[in-house]
Structures are given as C-alpha cells and as structure tokens.
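Listed in order, the protein sequences are those of chains H and F. The numbers in this note's numbering rise by one with no breaks, and the one at position 25 of the first sequence is 25. Position in the second sequence counted from 1, then plus 1000, gives you this note's numbering.
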Amino acid sequence: MSHDTLARPTRTRQPGGGPVTEAPRRRRHWARRANPVAGLGAFVWLVIVLIPIYAMLSASLTGADKALTGNPLKPPADPTLDNYNTVLTSGFGHLLSNTAIVAVSVVGIVLALSIPLAYTAVRTRDRWSNAAFRLFLLGVAIPAQAVVVPLYLLIAKLDLYDTLLAVILPTAAFAMPVSVLVLVGTLRDVSEDLYEAMALDGASPLRMLFQLTIPLAKGGISTVVIFSALQAWNGFLFPLIFTQSDGPRVLTLGLFNYVSQFGVNIPALLASVVLSGIPIFAVYLVARRALVGGLMGVGGK
Amino acid sequence: MTVTVEKTPAPRTGQVHRAARRTSRTGRPHAAWALPGVLFFTFFAVVPMALALYLSFTSWDGLGDPRPVGLDNWKKLLDDPRMTQSLWLTVVLTVASWVFQTVVALLLGVWAAGRQRNRAILSAVFFVPFLLSSTAIAILFYALLDPNFGIIQKDTLGSQSGAFLAIVFVGGWQFIPFHTLIYQGGARQIPEVLYQAAAIDGAGRYRQFFSITLPQLRHTITTSTVLMVVGSLTYFETVLILTKGGPGTDTAILPYLMYEAGFKTYDFGYASAIASFLVIAATGLSLVLVRLTGFGAMRSTREGM
Chain H
1 MSHDTLARPT
11 RTRQPGGGPV
21 TEAPRRRRHW
31 ARRANPVAGL
41 GAFVWLVIVL
51 IPIYAMLSAS
61 LTGADKALTG
71 NPLKPPADPT
81 LDNYNTVLTS
91 GFGHLLSNTA
101 IVAVSVVGIV
111 LALSIPLAYT
121 AVRTRDRWSN
131 AAFRLFLLGV
141 AIPAQAVVVP
151 LYLLIAKLDL
161 YDTLLAVILP
171 TAAFAMPVSV
181 LVLVGTLRDV
191 SEDLYEAMAL
201 DGASPLRMLF
211 QLTIPLAKGG
221 ISTVVIFSAL
231 QAWNGFLFPL
241 IFTQSDGPRV
251 LTLGLFNYVS
261 QFGVNIPALL
271 ASVVLSGIPI
281 FAVYLVARRA
291 LVGGLMGVGG
301 K
Chain F
1001 MTVTVEKTPA
1011 PRTGQVHRAA
1021 RRTSRTGRPH
1031 AAWALPGVLF
1041 FTFFAVVPMA
1051 LALYLSFTSW
1061 DGLGDPRPVG
1071 LDNWKKLLDD
1081 PRMTQSLWLT
1091 VVLTVASWVF
1101 QTVVALLLGV
1111 WAAGRQRNRA
1121 ILSAVFFVPF
1131 LLSSTAIAIL
1141 FYALLDPNFG
1151 IIQKDTLGSQ
1161 SGAFLAIVFV
1171 GGWQFIPFHT
1181 LIYQGGARQI
1191 PEVLYQAAAI
1201 DGAGRYRQFF
1211 SITLPQLRHT
1221 ITTSTVLMVV
1231 GSLTYFETVL
1241 ILTKGGPGTD
1251 TAILPYLMYE
1261 AGFKTYDFGY
1271 ASAIASFLVI
1281 AATGLSLVLV
1291 RLTGFGAMRS
1301 TREGM
C-alpha cells in the first residue's frame, strides 16, 4: 500500500488505470498499480461503517409495534415516519436551537480570544507571550472531566447554574488550547517579509492583524471554527452537570433523556439520533472541503 | 515591554535582514493582547484545577461549605479496590483503543492518500461517523447491541469482555475517521522520490511501507497518539450510556468513577481526589508527549518552513 502514497495531489493525472505496458515507462506507472489487499481492507471498513448507519435508518422507519419482532438488518416492511413525528413533537426544535446558540457563542468566544493570543505568541516573542503559549500547550492535556467538580462550585457561585452560559463558558475555555495550537501553527507560516512591508508603511499591529494575518490564516481559522463548533455540538458532560431544567437543555442531553423517556421504543430513539445528525451532516455536505482539509492539516506538521 | 530582536530568527537575505532590524520594534503587538484569552482560560480551566486539588483535602457534599479533612480522601483513594480496578481498566482501555485505532487509521489513511478510483467517495463515507456526537453514537450502539432488538442477538454488554470490547469498538468507530484524515494528510507529505529510489533498488511494496512510510510518518503517529490518549479520557459518555460502568464495576473507568463519587453519592471531596489524580497523570503524560512531538519547539519548526 506504500505505493499509493506516491500519488500526491500535485501530480498530473493520467487517464485510465488499466494494465501497464512494459519497461521504459514503468517508473511512472507502478505508482498506480492496484493494491488489492489495501482495497479489500478499505472495503471491510466501509461495511463496518455502513451497517450501523443502515440499521439505524432502517429501524427509525419501522413502526413501533413491529420493532421488537425482527432483525434490524431487514428492511422495514412498511416504512413510516411516525417515529420522526414523535421526536419532532417532543421539543426537538428547542433542543436544536439551544445547541445552535451554544455552538455559535463558543466559536465566537474562541475566535475572539485565540486569534489575538496566537498572533501575539508568533509576533512578539518576549517571555510573557511565550509563557502564555506554554500555558495552552499544557492545557491540551487537561481533561474536562477532571475539573468538573470545582467548575460546578464556580458556576454555582457565579449564579450561572442551569443557564446556557454555564455550558458556553467552560466549553469555550476547553476548546481554546487546541485552537491556539492550530492557529500558532498557521500564523507561523505568514512570511515575516509581509509584516515588514506593512510596518514600513506605518501599519499598526491591529491593522496588520485584520488586513494581513487573518486573511492569510483562513485555513487555520476554519479548522478552529470546525473544531470548536464540533466540541460545542458534541458536548455532554458540562450540560449534564451544569444544567437541570428544560429551558437550557441542549441536544446531546436531550438525546440522553430520550433513552429513559422512550425506554423500549428503540425506533423513536434511533429517529432522534438520525435527526441530531442531520444539521451537522448538512454543514458537512456544504463545507466538506474546508472541514476535511482543515483536519487533515493537523497531521502534516 | 521590550522586544528581543536578537532572538528573532534572521531572514534569509541581507536586504531583508536590514529591513527586519529597522522595523522589528514597530508593528508588533503588545504582549497584553494575549491577556484576555489567558485570563479566560485561567479562570475556567486553571483555577478549577487548583480548586480540585484544594477540594481533595476536604469533605464536601455539594451543599454546605467544604470542611478540611487532611489526607483522608487520598488515603481512601489508595485503599479503594475500585480505584485500583478503575486505573487498570483505564490503562487497558487506552492501550487497546490506541492499538485498534492506530492500526486501522494508519492503513486507511495511507491507502486514502493515494488516488485509486472510488477513493474520494469512500473517504467521504468513512467520515460520516465522526459527524455524530459521542452521545448519539453511544445511543446508536446501545440500541444495536440490545439483546432483544439488536444485530447480535446476545447480551454483549452483560459480560465484562463483551462490554469492554464494545467500548473499544464504539470508540474506534467514532474516532478512526478523524485519525484516518490525520494520517492521510501526513502520508501525502512524504516525498515521492523516496519511493522512486526504493523501487529502483528493488524494494517491494511491503518493504517500502515498513522502510519509508512508517518512519516518515513518525511525527504524525505521535500527534495522533497524543490526541488519542487525551481523547480516551473522554470515553465517559460512551461508558455512561452504553454500560453505566457495568456489568458490576467492570467498565468503570476513572472519569466514570469520579462522576459516580461526585454526582451520584455526593462525595465531592473524594471525587476531587480522583480528579486531581487524573490531572496529574494527564499532565505528566502530556509533558512526555509534548517533548516527543517537539510541539513546544516553536522556533525550530519555523526554520523548516
């Protein structure tokens, strides 16, 4: 499978992929030889990915009365949207809008705080900026679980318990370390010459940030947006512990509550899981390139 | 705030070098620009860490005021057989997840870095599990592993090995797509000439994989490993929803034990001791890993760019 790594995106594509002619052109061709073992492995993983997704979709379309009778791999005899109806009429929209508020606020806070921080860490290398950078470097390892008890105390003292802010603020804080690292990685690539050219024109640091750094760091910034949005979207522990009532309930916690609410109504439960995935899947379809590209960059450094 | 000009890596040409000297004192942001972010993070992450350590020396039921009890919680921690079991479980789970996810993600990532037909479509499908939240995925497998309803009509979650393997598998199902992407990005950066040279020397496909691809991916492997190890502490949702730590206490990893001590039995002092232990372990681990990745060596990385 090592041969496949040869095919770098920069190489010009050659038409066809059939059997290769002998000798002199051989060097250009062996790179594209099929690797049946790797191909088979990829296919096996495809099956592993698809079976649960298929079973979920199929079960969510099965009437509640027929759910317990058969194997979930059998396609539903007469598909129904009843389960989706059940979920949508039990406050799903409210959960969704709460989660959207959390995600947007978290992304906003993370960007507003991480960009100036990374900018300073890259441009101003005095010991204070360095210390700030190292704080976040270590922060990557702090598991949110480990501080949830004292945060609970802090949130209660701030009178934020059972509000959306109780979810937003800690989630944003814990999304910061990775964001700062990603941004520092990207901002380092902005050429020093460009800054100098702007400085000669008398540009202030603020103007450079907005007219040079941010436009050139779009890739890193979109990675950060995706990372922190996903974290906010998926967050479970903070909502579980810092909220209680229906008002500030977010999607993940709503799903968790459906487990007890719907009990044995597994089709309805799975319909709620499908519905919870649809918004982010829609974003994925639109922004696939930015999303995949941004995350792929993590491994390149 | 003075700027240490000398420490700034010198640009390539003499001309730029002179320009740098002239302008390096202007146009740089003040270090105070970093302050809002630092304060915010300190308040919501660093202070709680310190507070966790303080609370670990108290007895607190979550309502009244914490009452100092000295080392009681830590003594209890050392004597608690559940803690020993939980620590062992956490380590085994982390190692098992690492092996499973690294092997699959590495192979898939290297494969996906090529350009065989259908690769783009397959890669897009591979990515779908990562779009569901951990909660949604845990619920999905909770339903699919249900002994009456599920795919495998057996009580998988009722046995220790079954429950443990289910958690490893579900974690992999969720996170392998993400790590595959990381490896795909890493594999695309391996210079092609290495393979050409190896092929001329007569190295076969597998020889090339072990002699070129793996060594070239070592930094990617470390990055992915850091994320996996830190991430495996977040299997909390999966455990809470899928097994509730059971059967018995057979899948009660450390974060779950901490959650139970705190928010089920309201022994927040003891929960804080477990939490402090987690922080110490995680920080120690990350210091080692940061050193291995060279993440901290900002300047040296910059030179190569």
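Glycine residues also receive a C-beta, built at the ideal position from the N, C-alpha and C atoms.
Contact list for residue i against chain F, beta-carbon separation under 9 Å
i	result
H:Asn234	Leu1132, Ser1133, Ser1134, Thr1135, Ala1136 and Glu1237
H:Gly277	Val1128, Leu1131, Leu1132, Ser1133 and Ala1136
H:Gln261	By Cβ distance, chain F contributes nothing, its closest Cβ being about 12 Å from H:Gln261, past 9 Å.
H:Thr163	Under the 9 Å cutoff, chain F gives no residues; its nearest Cβ is about 15 Å from H:Thr163.
H:Thr252	Ser1133, Ser1134, Thr1135, Ala1136 and Glu1237
Under 8 Å from the C-beta of residue i: neighbouring residues of chain H
i	result
F:Arg1028	Arg123, Thr124 and Pro205
F:Pro1068	Those within 8 Å of F:Pro1068 in chain H number zero; the least Cβ separation is about 15 Å.
F:Leu1145	Neighbours of F:Leu1145 on chain H: none; closest Cβ ~10 Å, over 8 Å.
F:Gln1160	By Cβ distance, chain H contributes nothing, its closest Cβ being about 22 Å from F:Gln1160, past 8 Å.
F:Pro1215	By Cβ distance, chain H contributes nothing, its closest Cβ being about 11 Å from F:Pro1215, past 8 Å.
F:Met1049	Ile142, Ala146, Val147 and Pro150
F:Leu1257	In chain order: nothing, as chain H lies at least about 10 Å away.
F:Val1230	Val140, Ala141 and Pro143
F:Ala1286	Checking the sequence shown, residue 1286 of chain F turns out to be Ser, not Ala. By Cβ distance, chain H contributes Leu138, Val140 and Ala141.
Which of helix, strand or coil DSSP assigns to residue i
i	result
F:Pro1215	helix
F:Phe1127	coil
H:Asp159	coil
F:His1030	coil
H:Val190	coil
F:Gln1160	helix
H:Pro177	helix
H:Ser60	helix
H:Ile53	helix
F:Gln1189	coil
H:Ala203	coil
F:Lys1244	coil
F:Tyr1266	coil
H:Ser228	helix
F:Thr1135	helix
F:Asp1155	coil
F:Thr1234	coil
F:Thr1084	helix
F:Arg1021	Here F:Arg1021 scores only 47 on pLDDT, less than 50, and its place in the model should not be relied on; the value that follows carries that caveat. Helix at F:Arg1021.
F:Asp1079	helix
H:Pro143	coil
F:Leu1063	coil
H:Ala166	helix
F:Gly1202	coil
F:Asn1118	coil
F:Ala1112	helix
H:Pro36	helix
Identity of the residues DSSP links to residue i by a beta bridge
i	result
F:Pro1068	F:Thr1058
Residue range of the alpha helix (DSSP H) that includes residue i
i	result
H:Phe242	Leu237 to Phe242
F:Leu1039	Leu1035 to Phe1041
H:Thr213	No alpha helix (DSSP H) contains H:Thr213, which DSSP labels as neither H nor E.
H:Pro75	Unbroken run through H:Pro75: none, as it is neither H nor E.
F:Asp1250	Note, F:Asp1250: premise wrong, no alpha helix (DSSP H); not H, not E.
F:Tyr1206	Arg1205 to Gln1208
H:Ser129	Arg127 to Gly139
H:Asp82	Asp82 to Leu88
H:Gly93	Phe92 to Arg123
Proximal chain F residues relative to residue i, where beta-carbon distance stays under 7 Å
i	result
H:Gly139	Phe1041 and Ala1045
H:Ile53	Val1128
H:Pro36	Residues of chain F passing the Cβ test: none, with the nearest at roughly 11 Å.
H:Leu40	In chain order: nothing, as chain F lies at least about 10 Å away.
H:Val49	Val1125, Phe1126, Val1128 and Pro1129
H:Ser306	No answer is possible for residue 306 of chain H: the residues shown for chain H start at 1 and end at 301.
7 Å Cβ cut-off: residues of chain H touching residue i
i	result
F:Trp1088	Residues of chain H passing the Cβ test: none, with the nearest at roughly 18 Å.
F:Gly1262	Val149
F:Ile1152	What F:Ile1152 touches in chain H: nothing, since even the nearest Cβ is about 10 Å away.
Listed by chain order, chain F residues near residue i by CB distance under 8 Å
i	result
H:Phe242	Near H:Phe242 there are no residues of chain F at all, since even the closest Cβ is about 11 Å away, more than 8 Å.
H:Tyr84	Going along chain F, no residue has its Cβ under 8 Å from H:Tyr84, so there is no contact; the nearest lies around 15 Å.
H:Ala229	Going along chain F, no residue has its Cβ under 8 Å from H:Ala229, so there is no contact; the nearest lies around 12 Å.
H:Ala173	Phe1040, Phe1041, Phe1043, Phe1044 and Ala1045
H:Ser114	Gly1037
Listed by chain order, chain H residues near residue i by CB distance under 9 Å
i	result
F:Ile1167	By Cβ distance, chain H contributes nothing, its closest Cβ being about 15 Å from F:Ile1167, past 9 Å.
F:Val1099	None at all; the shortest Cβ gap to chain H is about 16 Å.
Residue-level contact to chain A via CB, residue i, 8 Å cutoff
i	result
H:Phe210	Checking the listed chains, one finds no chain A in this structure; the protein chains it contains are H and F.
Legend entry - Complete runs of the alpha helix (DSSP H) confined to the region 245-288 of chain H [at least 4 residues]: 251-262
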